[in-house]
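Residue numbers (the numbering used here): 294 to 509. Structure first, commentary second.
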């Protein structure tokens, strides 16, 4: 009997140590908070304070609106409240603002906490920082915009002087051109070539910037 008692005590101790290690791992990597049913913060973990730049005492008793970056539409958070107040899990990506004015993105999950009668008594949230992924997405979107601008320049600004030069060259088939008309056409070709040179330089510069972004 004594051996069984010792074994059980040892298992409980190991479980407690495991849970402590698990909590430490969570605190180092995941943002956690608990609010009451009105959204007032009653608990924040170490990572929450680290990312938000607020001290624990500055957050307890406050609403999560303290982190509102005014990025999302009002319907975004209304949908959140409708979901969690109905007893369901809500998940989305949220842009927030820290105490120092910097922005940060989180993959947020909010879960209702129930009592024994299935009444909601609190809301528990976990948030994973995703700044690196969002930054990569924004850079990719910017590259797409740059490429769209490049294609516009090619299809409009570059095509025009090329069309002009080809049209002038076709006129040379008329052997009855006077010296004055010939000089006018040559100047037109020169002007179109100069414009084409400017556009191609701009395109080369845009392509160079895109390559630099890809290398980075």
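For glycine and all other residues, C-beta sits at the position ideal for the given N, C-alpha and C.
With residue i as the anchor, note down where its alpha helix (DSSP H) starts and where it stops.
i	result
residue 375	367-378
residue 388	No alpha helix (DSSP H) contains residue 388, which is instead part of the beta strand (DSSP E) from 383-390.
residue 511	This structure leaves residue 511 out entirely; the chain is present only between 294 and 509.
For residue i and residue j, what's the separation of their Cα atoms in angstroms?
i	j	result
residue 347	residue 381	29 Å
residue 369	residue 385	9 Å
residue 442	residue 329	49 Å
residue 378	residue 359	21 Å
residue 391	residue 406	27 Å
residue 400	residue 419	8 Å
residue 415	residue 437	43 Å
residue 434	residue 411	44 Å
residue 488	residue 495	11 Å
residue 514	residue 334	Any property of residue 514 remains undetermined from this structure, which presents the chain solely from 294 to 509.
residue 423	residue 307	33 Å
residue 428	residue 476	55 Å
residue 371	residue 417	17 Å
residue 326	residue 431	28 Å
residue 354	residue 426	31 Å
residue 341	residue 498	43 Å
residue 490	residue 376	58 Å
residue 440	residue 336	47 Å
residue 270	residue 409	No answer is possible for residue 270: it lies beyond the span of the chain, which begins at 294 and ends at 509.
residue 349	residue 374	24 Å
residue 352	residue 310	29 Å
residue 473	residue 484	17 Å
residue 421	residue 322	8 Å
Grab the span of the beta strand (DSSP E) containing residue i for me, first residue to last.
i	result
residue 404	396-407
What does residue i pair with, by DSSP beta-bridge criteria?
i	result
residue 356	333
residue 423	Paired residues: none, contrary to the question.
residue 361	389
residue 328	334, 416
Give me the residue from the options with the minimum Cα distance to residue i.
i	options	result
residue 366	419, 388, 353	388
residue 344	361, 396, 426, 439	396
residue 339	324, 350, 351	324
residue 364	403, 398, 473	398
residue 394	352, 409, 362, 421	362
residue 413	322, 310, 331	331
Heavy atom of the ligand COA less than 7 Å from the Cβ of residue i, yes or no?
i	result
residue 405	You won't find the ligand COA in this model; it holds no ligand whatsoever.
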